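A.B. asks: Following this message is one structure expressed as structure tokens.
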Amino acid sequence: DVKVTQSSRYLVKRTGEKVFLECVQDMDHENMFWYRQDPGLGLRLIYFSYDVKMKEKGDIPEGYSVSREKKERFSLILESASTNQTSMYLCASTKGVSRGYTFGSGTRLTVV
Amino acid sequence: EDKVVQSPLSLVVHEGDTVTLNCSYEVTNFRSLLWYKQEKKAPTFLFMLTSSGIEKKSGRLSSILDKKELFSILNITATQTGDSAIYLCAVESKGDSSYKLIFGSGTRLLVRP
């Protein structure tokens, strides 16, 4: 059974902390994505990566960075967490010719 | 700017009712339209539509795409309480190097017994 695993289900961090959200997939997918989901706004794309060490900005990249050192792992980094980054973060992956995206279970981040 | 708009934002129905969820889009380099169901956790895949006028069906759920008018509908017949969820519409757009999904805000469906 294919899987996208996000390391934390719930996370509480303080304002100004550096936060790492990890995502690992075991399907040998080239493409990986980070979204945040907020009520009434749906899923918004933060960053995506189509290959190791490659990254592209999504619609709301400000305040975030990413790292893709290995094909199976895509990390989202909040350099200095702020309260407006409190959200549900979803990671997804897909092969180049998509048949639907596989999502992780999400990380609910609260910044206090 | 690419956008995907879903309506209604929320819907409350009784078991047995039929519902229609709408999704319109304006996206460059359209590749496909996808529907997802999201309950407590990760969105789960329902349908992928690439061609106009061809209905996709899975049990009580069905969906169709109109690429001329740039919209899709998701129908659920004989609704059950287990259909209560957020239904997400997403359009896949092809860029130079890869693909990305652009999501609508979702429709929150509540089915009352």
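For the protein sequence lines, the chains are S and X, in the order given.
In terms of my numbering, the first sequence opens at residue 4 and continues consecutively.
In terms of my numbering, the second sequence opens at residue 10 and continues consecutively.
C-beta atoms are modelled at their ideal positions from N, C-alpha and C, and glycine is treated no differently.
This one's a predicted model, so the numbers in the text were calculated from it and none came from an experiment.
#1: To the nearest angstrom, report how far apart S:Y38 and X:S71 are at their CA atoms.
#2: Once DSSP output is grouped into helix, strand and coil, what is the label at S:D41?
#3: At a cut-off of 8 Å, would you count X:S41 as near the ligand PLP, judging by its Cβ distance to the nearest heavy atom?
#4: DSSP on S:T86, reduced to helix/strand/coil?
#5: Return no unless some Cβ of chain X is closer than 9 Å to the Cβ of S:V7.
#6: On the three-state DSSP scale, how would you describe X:D92?
#7: Taking only beta-carbon atoms, is X:A99 less than 9 Å away from chain S?
#8: Can you tell me whether DSSP reads S:K16 as helix, strand or coil?
#9: Among S:F77, S:T86 and S:L112, which one has its Cα closest to the Cα of S:V69?
#10: Below 8 Å, how does it come out for the stretch 82-97 of chain S and the stretch 16-28 of chain S: are there three or more Cβ pairs, yes or no?
#11: Taking all protein chains shown into account, decide if S:V7 is buried (16 or more other Cβ within 10 angstroms of its Cβ) or exposed.
#12: Straight-line CA distance for S:P64 to X:E35?
#13: Looking at X:N84: is its Cβ nearer than 9 Å to the Cβ of X:T27?
#14: Nearest by alpha-carbon distance to X:V120: which of X:D11, X:S81, X:I95 and X:S61 is it?
#15: Using a Cβ-Cβ cutoff of less than 8 Å, which residues in the same chain neighbour X:I82 once the five nearest sequence positions on both sides are dropped?
#16: Under a CB-based cut-off of 9 Å, is S:D31 close to chain X?
#17: Find out if the Cβ-Cβ distance for the pair X:S93, X:V14 is shorter than 9 Å.
#18: With S:E33 as the anchor, note down where its beta strand (DSSP E) starts and where it stops.
#19: Determine whether the beta carbon atoms of S:G61 and S:I49 lie at a separation below 9 Å.
#20: Can you check the stretch 48-120 of chain X for any beta strand (DSSP E) of at least 3 residues that lies completely inside it and give the ranges in chain order?
#21: Please name the residue, chosen from X:G62, X:W44, X:E64 and X:E48, that lies closest to X:L55 on a Cα-to-Cα basis.
C.D. replies: Reading from the atomic positions:
#1: On the first sequence, position 35 is the one that residue 38 of chain S refers to. On the second sequence, position 62 is the one that residue 71 of chain X refers to. For S:Y38 and X:S71, the distance between alpha carbons rounds to 27 Å.
#2: In the first sequence, counting from the first residue as 1, residue 41 of chain S sits at position 38. Here S:D41 sits in strand by DSSP.
#3: Although the ligand PLP was asked about, the structure shown includes no ligands whatsoever.
#4: Residue numbering aside, residue 86 of chain S sits at position 83 when the first sequence is read from its first letter. In the structure shown, S:T86 sits in a helix (DSSP, three-state: H, G or I).
#5: In the first sequence, residue 7 of chain S corresponds to position 4, counting from 1. Yes - at least one Cβ of chain X is within 9 Å of the one on S:V7.
#6: In the second sequence, counting from the first residue as 1, residue 92 of chain X sits at position 83. In the structure shown, X:D92 sits in a helix (DSSP, three-state: H, G or I).
#7: As a working note, residue 99 of chain X is residue 90 in the second sequence. So, interface residue.
#8: Locating residue 16 of chain S in the first sequence gives position 13, counting from the first residue. Strand at S:K16.
#9: Taking the first sequence and counting its residues from 1, the one referred to as residue 69 of chain S is at position 66. Comparing C-alpha distances from S:V69 to each of S:F77, S:T86 and S:L112 shows the shortest one belongs to S:F77.
#10: Touching, per the Cβ criterion.
#11: Numbered from 1 along the first sequence, position 4 holds the residue referred to as residue 7 of chain S. So S:V7 ends up on the buried side.
#12: What you label residue 64 of chain S is simply residue 61 of the first sequence in a count that begins at 1. What you label residue 35 of chain X is simply residue 26 of the second sequence in a count that begins at 1. Cα to Cα, the separation comes out at about 21 Å.
#13: Position 75 of the second sequence holds residue 84 of chain X. Position 18 of the second sequence holds residue 27 of chain X. Their beta carbons are under 9 Å apart, which means X:N84 touches X:T27 by this criterion.
#14: By one-based count along the second sequence, residue 120 of chain X stands at place 111. Among X:D11, X:S81, X:I95 and X:S61, the Cα nearest to that of X:V120 belongs to X:I95.
#15: Translated into the one-based positions of the second sequence, residue 82 of chain X becomes position 73. Close CB contacts of X:I82 within its chain, under the 8 Å cut and outside five residues either way in sequence, are with T29, L30, N31, C32, S72 and I73 (chain order).
#16: Residue 31 of chain S sits at position 28 when you count from the first residue of the first sequence. Between S:D31 and chain X, the shortest Cβ-Cβ separation is not below 9 Å.
#17: For the purposes of this step, residue 93 of chain X is identified with residue 84 of the second sequence, where counting begins at 1. For the purposes of this step, residue 14 of chain X is identified with residue 5 of the second sequence, where counting begins at 1. Cβ atoms of X:S93 and X:V14: not closer than 9 Å.
#18: As a first step, residue 33 of chain S is located in the first sequence; it is residue number 30 there, counting from the start. Membership of S:E33 in any beta strand (DSSP E) is not indicated, and neither H nor E is assigned to it by DSSP.
#19: Here residue 61 of chain S corresponds to residue number 58 of the first sequence, with the count starting at 1. Here residue 49 of chain S corresponds to residue number 46 of the first sequence, with the count starting at 1. S:I49 is positioned such that its CB atom lies closer than 9 Å to that of S:G61.
#20: If only uninterrupted beta strand (DSSP E) runs of at least 3 residues are considered, those enclosed by the stretch 48-120 of chain X are 53-58, 65-67, 70-75, 80-85, 94-103 and 108-112.
#21: Working through the second sequence from its first residue, we reach residue 55 of chain X at position 46. Closest by alpha carbon: X:W44.
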